[in-house]
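Numbering (the UniProt record's numbering), first residue to last: 1 to 248.
Heads up, the beta-carbon is just placed ideally off N, CA and C, and yes, glycines get one too.
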């Protein structure tokens with residue numbers, strides 16, 4: 001199995017892309033700590049997948065909770081081999097000047113600040129063990145922004161730049177950092193991206209994806225598994241599209 005003996009933290013791992021990544025990691029032999037705001041849902045995934053999964057309720061935008069998450073992973077697993085920064089949020093589609101300050105702050109806290117907070121806690125541990133893989137879940141919005149999602153787009157552009165900066169700094173220390181840029185998937189955030197979920201809106205959205213479908217949790221799990229496995233030992237600083245050709 002490709003992740004045999006590896007340990008991982010997956011933030012936002014209880015639903016959507018995060019759950020797909022968690023399931024794939026466990027299937028490939030990893031032990032996973034799901035860190036999610038929705039502890040009940042995280043526990044449901046853990047019950048499905050068995051003893052390889054542990055859970056903790058975490059708001060990734062709060063430093064104290066990220067520290068607690070890290071301590072829990074170390075106490076349970078002994079070390080952290082893989083960190084997946086998957087937790088994310090968006091604002092409702094709106095003219096850029098109409099997005100509330102509260103929503104702006106939330107998007108930047110969850111999509112950007114959280115990556116700083118997890119790095120602050122976990123990068124020193126990976127440096128000490130001279131190994132590790134960090135995967136940031138970004139978005140095609142960073143490359144081909146959609147209108148009326150300006151501040152979400154900006155947060156993901158930040159994340160792609162952060163990924164490359166982290167990668168070049170940590171490469172000499174044995175730590176790889178990559179990102180995935182999915183197109184929208186049939187996840188809890190889809191309705192927020194579209195504004196309204198109707199057959200007509202879905203059809204319009206799908207018309208921009210050459211392969212004609214949304215990204216799935218399984219797509220993301222497969223791509224994440226590769227980038228976090230030893231098979232990708234020469235790959236760092238990559239922001240890989242999982243988008244059915246959306247960004248061509």
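Quick one: give me the first and last residue of the beta strand (DSSP E) that residue i is part of.
i, result
"residue 8", "7-11"
"residue 132", "132-137"
"residue 83", "82-85"
Between which two residues does the alpha helix (DSSP H) containing residue i stretch?
i, result
"residue 239", "First-last for residue 239: 239-242, but that is the beta strand (DSSP E), not the alpha helix (DSSP H)."
"residue 129", "114-129"
"residue 4", "Segment: none, residue 4 is in no alpha helix (DSSP H) and carries neither H nor E."
"residue 222", "217-228"
"residue 55", "Careful: residue 55 lies outside any alpha helix (DSSP H), inside the beta strand (DSSP E) at 53-57."
"residue 235", "Segment: none, residue 235 is in no alpha helix (DSSP H) and carries neither H nor E."
"residue 206", "199-206"
"residue 189", "From DSSP, residue 189 is part of no alpha helix (DSSP H); its letter is neither H nor E."
"residue 21", "16-27"
Who are the near neighbours of residue i in its chain, counting only those whose CB is closer than 8 Å to its CB and skipping five residues on each side?
i, result
"residue 213", "206, 244"
"residue 209", "183, 243, 244, 245, 246"
"residue 41", "14, 15"
Kindly indicate which three-state DSSP category residue i falls into: helix, strand or coil?
i, result
"residue 62", "coil"
"residue 36", "strand"
"residue 149", "coil"
"residue 181", "strand"
"residue 99", "coil"
"residue 213", "coil"
"residue 176", "strand"
"residue 72", "helix"
Apart from the five residues just before and just after residue i, which ones in its own chain have a Cβ nearer than 6 Å to its Cβ?
i, result
"residue 219", "242"
"residue 157", "142"
"residue 201", "194"
"residue 159", "136, 138"
"residue 127", "173"
"residue 52", "26, 31"
"residue 238", "178"
"residue 117", "63, 66"
"residue 312", "There is simply no residue 312 to check, as the chain begins at 1 and stops at 248 in what is shown."
Between residue i and residue j, what straight-line distance do the alpha-carbon atoms span, to the nearest angstrom?
i, j, result
"residue 190", "residue 215", "11 Å"
"residue 184", "residue 221", "15 Å"
"residue 155", "residue 235", "24 Å"
"residue 43", "residue 33", "11 Å"
"residue 28", "residue 98", "45 Å"
"residue 115", "residue 85", "7 Å"
"residue 121", "residue 199", "44 Å"
"residue 80", "residue 105", "29 Å"
"residue 6", "residue 95", "44 Å"
"residue 169", "residue 58", "27 Å"
"residue 165", "residue 10", "21 Å"
"residue 63", "residue 150", "26 Å"
"residue 75", "residue 82", "15 Å"
"residue 260", "residue 162", "The chain is shown from 1 up to 248; residue 260 falls before or after that span and cannot be answered."
"residue 24", "residue 225", "7 Å"
"residue 223", "residue 175", "18 Å"
"residue 49", "residue 55", "12 Å"
Only counting the same chain, and skipping five residues up and downstream in sequence, which positions put a Cβ closer than 7 Å to that of residue i?
i, result
"residue 108", "155"
"residue 17", "86, 137, 182, 185, 187, 217, 220"
"residue 113", "61"
Compute every distance between the C-beta of residue i and the non-hydrogen atoms of the ligand ZN, then say whether any falls below 7 Å.
i, result
"residue 219", "Among the ligands in the structure shown, none appear at all, so the ligand ZN cannot be discussed."
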